[in-house]
Amino acid sequence: MPERQNTTLIRHIAVALDCSPHSIASLTIAAELARSMHADLTGIFVEDINLFRMAELPFCHEIRMYTSEPEHIDSSQFERSLKLQARTAEAALQRIAREFMVKYAFKVYRGMVPEAVISAAVQADLLVLGRSGRSPTCRKGLGSTARKALAEGKKPVLLIRPGFSAKEWPVLVLYDGSEGSKHALSAALDLTHHGMTLNILIFGETHEDAEKLESKLRDTITLPGSIIAYHHLPLKDGKTLMRFIRMIDSGLLVLSDRMKISRETVHELINELDYPVLLV
Amino acid sequence: MTLPSKLTPEELYRTCNPLEFGFNTTADIDGPSKATGQNRAFDAITFSMGIKHDGFNLFALGPNGTGKQTAIMHYLSTTAPEAQVPSDWCYVNNFQKPRHPKALKLPAGKAGSLARDMEHLVEALFTIIPAAFSSEEYQAQEKNIHEKFQEQQADAIGELERKGAEEHIVLIRTPAGFAFAPEKEGEVLKPEEFVLLKKEERDSIEGKIIALKTAMQSIMAQIPKWQRETQEKIKELNRNIASFAVKPLIADIRNSYAALEEVTEYLETTEADIIENFDQFLEKEADPRELILGVYPGKFSQKRTSFNRYQINVIVDNSTTEGAPVVYEDKPACQNLVGDIEHISQMGTLVTDFTLIKQGALHRANGGYLLIDARRLLFEPFAYEALKKALRTRQIRIESLAQLYSLVSTVSLEPEPIPLDIKVILLGERSLYYLLSVYDPDFSQLFKVAADFEDELPNDIEGKLAYAHIISSIAQKDNLHHFDRTAVARIVEHGSRLAEDASKLSAHIQSICDLVHESDYYATAAKRSLVQAEDVQHAIDAKIFRSSRIREKIREATLKNSILIETESKKTGQINGLAIYSPGGQSFGHPGRITATVRLGKGEVIDIEREVEMGGPIHSKGVMILSGFLGARFAVDQPLSLSASLVFEQSYSGVEGDSASSAELYALLSAIADAPINQCFAVTGSVNQFGEVQAIGGVNEKIEGFFDLCKARGLTGKHGVLIPASNVENLMLRNDVVEAVRQGLFSIFPVSNVDEGIEILTGIPAGELDKTGKYPFDTINGMAVARLNAMAEKLKKFTASSDDN
Numbered sequence: 073m074p075e076r077q078n079t080t081l082i083r084h085i086a087v088a089l090d091c092s093p094h095s096i097a098s099l100t101i102a103a104e105l106a107r108s109m110h111a112d113l114t115g116i117f118v119e120d121i122n123l124f125r126m127a128e129l130p131f132c133h134e135i136r137m138y139t140s141e142p143e144h145i146d147s148s149q150f151e152r153s154l155k156l157q158a159r160t161a162e163a164a165l166q167r168i169a170r171e172f173m174v175k176y177a178f179k180v181y182r183g184m185v186p187e188a189v190i191s192a193a194v195q196a197d198l199l200v201l202g203r204s205g206r207s208p209t210c211r212k213g214l215g216s217t218a219r220k221a222l223a224e225g226k227k228p229v230l231l232i233r234p235g236f237s238a239k240e241w242p243v244l245v246l247y248d249g250s251e252g253s254k255h256a257l258s259a260a261l262d263l264t265h266h267g268m269t270l271n272i273l274i275f276g277e278t279h280e281d282a283e284k285l286e287s288k289l290r291d292t293i294t295l296p297g298s299i300i301a302y303h304h305l306p307l308k309d310g311k312t313l314m315r316f317i318r319m320i321d322s323g324l325l326v327l328s329d330r331m332k333i334s335r336e337t338v339h340e341l342i343n344e345l346d347y348p349v350l351l352v
Numbered sequence: 017m018t019l020p021s022k023l024t025p026e027e028l029y030r031t032c033n034p035l036e037f038g039f040n041t042t043a044d045i046d047g048p049s050k051a052t053g054q055n056r057a058f059d060a061i062t063f064s065m066g067i068k069h070d071g072f073n074l075f076a077l078g079p080n081g082t083g084k085q086t087a088i089m090h091y092l093s094t095t096a097p098e099a100q101v102p103s104d105w106c107y108v109n110n111f112q113k114p115r116h117p118k119a120l121k122l123p124a125g126k127a128g129s130l131a132r133d134m135e136h137l138v139e140a141l142f143t144i145i146p147a148a149f150s151s152e153e154y155q156a157q158e159k160n161i162h163e164k165f166q167e168q169q170a171d172a173i174g175e176l177e178r179k180g181a182e183e184h185i186v187l188i189r190t191p192a193g194f195a196f197a198p199e200k201e202g203e204v205l206k207p208e209e210f211v212l213l214k215k216e217e218r219d220s221i222e223g224k225i226i227a228l229k230t231a232m233q234s235i236m237a238q239i240p241k242w243q244r245e246t247q248e249k250i251k252e253l254n255r256n257i258a259s260f261a262v263k264p265l266i267a268d269i270r271n272s273y274a275a276l277e278e279v280t281e282y283l284e285t286t287e288a289d290i291i292e293n294f295d296q297f298l299e300k301e302a303d304p305r306e307l308i309l310g311v312y313p314g315k316f317s318q319k320r321t322s323f324n325r326y327q328i329n330v331i332v333d334n335s336t337t338e339g340a341p342v343v344y345e346d347k348p349a350c351q352n353l354v355g356d357i358e359h360i361s362q363m364g365t366l367v368t369d370f371t372l373i374k375q376g377a378l379h380r381a382n383g384g385y386l387l388i389d390a391r392r393l394l395f396e397p398f399a400y401e402a403l404k405k406a407l408r409t410r411q412i413r414i415e416s417l418a419q420l421y422s423l424v425s426t427v428s429l430e431p432e433p434i435p436l437d438i439k440v441i442l443l444g445e446r447s448l449y450y451l452l453s454v455y456d457p458d459f460s461q462l463f464k465v466a467a468d469f470e471d472e473l474p475n476d477i478e479g480k481l482a483y484a485h486i487i488s489s490i491a492q493k494d495n496l497h498h499f500d501r502t503a504v505a506r507i508v509e510h511g512s513r514l515a516e517d518a519s520k521l522s523a524h525i526q527s528i529c530d531l532v533h534e535s536d537y538y539a540t541a542a543k544r545s546l547v548q549a550e551d552v553q554h555a556i557d558a559k560i561f562r563s564s565r566i567r568e569k570i571r572e573a574t575l576k577n578s579i580l581i582e583t584e585s586k587k588t589g590q591i592n593g594l595a596i597y598s599p600g601g602q603s604f605g606h607p608g609r610i611t612a613t614v615r616l617g618k619g620e621v622i623d624i625e626r627e628v629e630m631g632g633p634i635h636s637k638g639v640m641i642l643s644g645f646l647g648a649r650f651a652v653d654q655p656l657s658l659s660a661s662l663v664f665e666q667s668y669s670g671v672e673g674d675s676a677s678s679a680e681l682y683a684l685l686s687a688i689a690d691a692p693i694n695q696c697f698a699v700t701g702s703v704n705q706f707g708e709v710q711a712i713g714g715v716n717e718k719i720e721g722f723f724d725l726c727k728a729r730g731l732t733g734k735h736g737v738l739i740p741a742s743n744v745e746n747l748m749l750r751n752d753v754v755e756a757v758r759q760g761l762f763s764i765f766p767v768s769n770v771d772e773g774i775e776i777l778t779g780i781p782a783g784e785l786d787k788t789g790k791y792p793f794d795t796i797n798g799m800a801v802a803r804l805n806a807m808a809e810k811l812k813k814f815t816a817s818s819d820d821n
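Same order as they appear, the protein sequences are chains A and B. 160 is the number that the working numbering gives to position 88 of the first sequence; each next residue is one higher, with no gaps. 416 is the number that the working numbering gives to position 400 of the second sequence; each next residue is one higher, with no gaps.
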């Protein structure tokens, strides 16, 4: 399994666009971050190869919500529809990038969506994705691209859901003293704007461990103009952690999959919690 | 025959003795002025105002300036405050039919407070409703409902997706919907791989996909229903939240108006409407594009609309009214009477709503009295018809004239009519009343009572005191100097002169009012603290002088003999008649020469004025009466063998009236009898076929006109005027005329018949029939008969010789 790189200096942000509400939310957040970090923004649109394959099959029919009979669609129709979607996505990128005054580029790829997005984002320092895509079934958990990015991505990934603003919501970072959690803390400090609250959830084997970690942090980090709130949790299991995170009810959750808790637990947390997540 | 005596100075002018008054100045007079001599009119007013049946409205008729309005106002000022204060009226939105705003009736003073309560309610709703809808409770419930729908949808599709996955069929989101395809290792099966499959496998895949497709279609068919259900749930939630926020506020207002059924009903419909349209109270961000375009930002225009929707348009507010309202509508245009529906321009279109309904005078006076000038009412297009309609139907229905006559085609309203209970008082001249009575059948149905104001008051102590009251009230009201009793007496005398009757006083209050103001001006100029008789005289003289240009010009032309008037010698067939000129409201008299000539003829009297169409019908009638008189007196036994011509010399603008007919008869008799007339005299009076002299108008001005000319030429004591004896009552002559009479320099003879007149004018007796049925030879009549006989002889001879030839 590939290791996520320790990238805190973000100069290039990639954002996956598919015209879903999640992807539009991602685009706005990506533009906000790009502006605050003076980074470039690249919009990635992937034409799903599955659609073209399906169009070649003799019995491929599209079932629409407001059309009584399913309609056969050939590849040229998909071609046109996807071009239209790409144009819409590009227009959205253009509008938001201009609004936030950031440099931007728009790229169109064709392939299997999760793979194509991940490979397109290789050059980026941060990949911004919607938590879920356009399929109604993946509404509750993570979308296939997000799952793939978590599992296979080498760069920090930011998973967004609609209704979140990086400027207004407090940040919650998970800290256990591990190398990965230090990177997460560093990213969280970067993302905590003036006047906002940074919640640090410290967990250790025991209460004393957590207190030690806190006192160390208190000595080392300062955040003028912002509030830092420390929370302790003796580490038991993923479910307790999840409950605690829900209790704090913060905005962006920053964490690493290279902490003392298992990578699977981290992924489960991300999948279950309906919060925007930055995984470093 | 006994000739009439010259009139004495006392008969020429009835003085008003200041000592008759019990006060020294008008400042001593207390209490409001009481119009005297208008008992008939007052009786009509009392009757009309007292009777409660329909159609008993009042028409106050009389010349302008006779104080009709003042008298009615005075009457109403005593009765109206005793009456019950009428209700308030307002228009409110009709939520079901916005084109038909509802009229609400409230006790006096309540409409204003309801309007304020509703304003406060709307203000409060802009805070309370957004607070309720942004509460965590609402947000959570709304999210929950949406989530449920999403779950329902996702579960159904997810189930299908799982079912497909078991059979290696994958559900794919297409740009516009869903599709199923066979999968291999998480990817859609490539077409070339699919072709390589066995036919049975391909058929099996196709069958599975068809089954899944059908299942998916049935889910799709369910989605609109789920959406509708979700929408209903959201609506229900909204209603509950809005209702919870609104009900207590409305209940507060409802408690204040619990006794008023209509208001509580309105509040109930308002509550339901607010709950149904709660979103209008949720403020939205203004669209920057709207700001650039200069239109109302969204939230402000929304606020404005909401304010309007629940506004109370108070049409009648009687909160400060005492008793029944008394309204005088100065400009009785249709929209000023029945109200109007205004429009405002919105993005180039004219729009309106119930808040733009404007009240009219009928609304203001409802439950009381409305006074309107009849002439002004008739001058305003459609106003009279609108007033009649309101009175006939007993309701005020506001209709836009522009809409009614299709002058404007835009959205308009039909407000609910308001019941009308009113007394309308029209003020106008008599001619208008008579015209309306004849030509308008509705008029007599709607204005059943006429208050006929007198033109004159009796010149007795009561009338004089009424004048004193009027002067006193004008002085107090307009902050003028008070009048001493000599000044009051002089005004009374002038009132008598205006009435042209020594036994009457003019009821034309406006003229008296003007004289009071003018007298005050001269008293102020003379630095007097009280207005005295000489100030009043000054004002009268100054007014005459201001308007004397034409009179002076005519007199100047006469003195230069451009207009020939003899005042010294004796002339046959020539006499001084007296004419009245009335340029611009000021009348004056001046003598005019009338001449008559006779010749052989068939007995006709030719009126030259009529021949050239410069004589009016009354004048022509007068001349024909002369023919009748001559025929009856001189042609009983034989036909008249003469033709006579009569003319007003140097008359260039036509002659009307019969007041010169006696003068014409004298000229004719003089011409027939060949008896010269003394030109020291001037004559006025009409005559009938029996030779009786009848009364005429403007006697004072006529006498003064001749007097002024004689005075300018020098009074000799021979000058005088013959007037009808029946006009003696009308004499109120100028002081200088009276003085001249007193000194014997000028004479006025009251004449009853032409025989008296001709004797005074010629110095020769008229003559009466003797026992033989003949007139004595040395009388006018005898001379006339002799002349006529001679002419008859001549005519006979002439006819015989012409027959011979």
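Quick reminder that beta carbons are idealized off the backbone N, C-alpha and C, glycines included. Fair warning: this is a prediction, and the values are worked out from it, not measured in the lab.
From which residue to which residue does the beta strand (DSSP E) around residue i run?
{"i": "Ala687(B)", "result": "Taken as a continuous stretch (DSSP letters only), Ala687(B) belongs to no beta strand (DSSP E), being part of the alpha helix (DSSP H) at Ser677 to Ala689."}
{"i": "Ile360(B)", "result": "Ile360 to Gln362"}
{"i": "Lys121(B)", "result": "Lys118 to Leu122"}
{"i": "Ser763(B)", "result": "Ser763 to Val767"}
{"i": "Phe370(B)", "result": "Phe370(B) -> no beta strand (DSSP E), and no H or E assigned at all."}
Between residue i and chain A, is any beta-carbon pair separated by less than 7 Å?
{"i": "Pro207(B)", "result": "yes"}
{"i": "Val211(B)", "result": "no"}
{"i": "Ile161(B)", "result": "no"}
{"i": "Ala181(B)", "result": "no"}
{"i": "Glu222(B)", "result": "yes"}
{"i": "Gln233(B)", "result": "yes"}
Just checking: is the beta-carbon of residue i within a distance shorter than 7 Å of some beta-carbon in chain B?
{"i": "Asn343(A)", "result": "no"}
{"i": "Phe131(A)", "result": "yes"}
{"i": "Ala142(A)", "result": "Reading the sequence as shown, one finds Pro at residue 142(A) and not Ala. Yes, because at least one Cβ of chain B sits closer than 7 Å to the Cβ of Pro142(A)."}
{"i": "Arg170(A)", "result": "no"}
{"i": "Glu224(A)", "result": "no"}
Could you work out which residues of chain A lie near residue i, taking near to mean beta carbons separated by less than 8 Å?
{"i": "Ile414(B)", "result": "Under the 8 Å cutoff, chain A gives no residues; its nearest Cβ is about 49 Å from Ile414(B)."}
{"i": "Lys347(B)", "result": "Going along chain A, no residue has its Cβ under 8 Å from Lys347(B), so there is no contact; the nearest lies around 60 Å."}
Note the first and the last residue of the continuous alpha helix (DSSP H) segment covering residue i.
{"i": "Leu154(A)", "result": "Ser147 to Phe172"}
{"i": "Ser661(B)", "result": "Per DSSP, Ser661(B) belongs to no alpha helix (DSSP H); it is in the beta strand (DSSP E), Leu658 to Phe664."}
Please compile the residues from chain A whose C-beta is within a distance smaller than 7 Å of the C-beta of residue i.
{"i": "Ile239(B)", "result": "Met137"}
Which residues in chain B have a C-beta closer than 8 Å to the C-beta of residue i? List them in chain order.
{"i": "Ser153(A)", "result": "Thr190, Pro191 and Ala192"}
{"i": "Gln157(A)", "result": "Pro191"}
Give the C-beta separation of residue i and residue j to the nearest angstrom, bearing in mind that I take them to be a contact with Cβ-Cβ under 8 Å.
{"i": "Phe370(B)", "j": "Asn329(B)", "result": "6 Å"}
{"i": "Leu28(B)", "j": "Val757(B)", "result": "6 Å"}
{"i": "Ser416(B)", "j": "Asp471(B)", "result": "43 Å between Cβ atoms; not a contact."}
Name the chain A residues whose beta carbon is nearer than 9 Å to that of residue i?
{"i": "Glu203(B)", "result": "Ile121, Asn122, Arg125 and Met184"}
Below 8 Å, how does it come out for the stretch 709-716 of chain B and the stretch 734-746 of chain B: are there three or more Cβ pairs, yes or no?
Touching, yes, given that three or more Cβ pairs across the two stretches are closer than 8 Å.
Flag this pair as touching only if the stretch 260-267 of chain A and the stretch 288-299 of chain A have three or more C-beta atom pairs under 8 Å; answer yes or no.
At 8 Å Cβ cutoff, the stretches touch.
Can you find at least 3 beta carbon pairs, one from the stretch 340-352 of chain B and one from the stretch 138-153 of chain B, that sit closer than 8 Å?
With a cut-off of 8 Å on Cβ pairs, the stretch 340-352 of chain B is not in contact with the stretch 138-153 of chain B, counting fewer than three such pairs.
Stretch pair the stretch 612-631 of chain B + the stretch 652-659 of chain B: three plus CB contacts closer than 8 Å
The stretch 612-631 of chain B and the stretch 652-659 of chain B touch, with no fewer than 3 CB-CB distances between them shorter than 8 Å.
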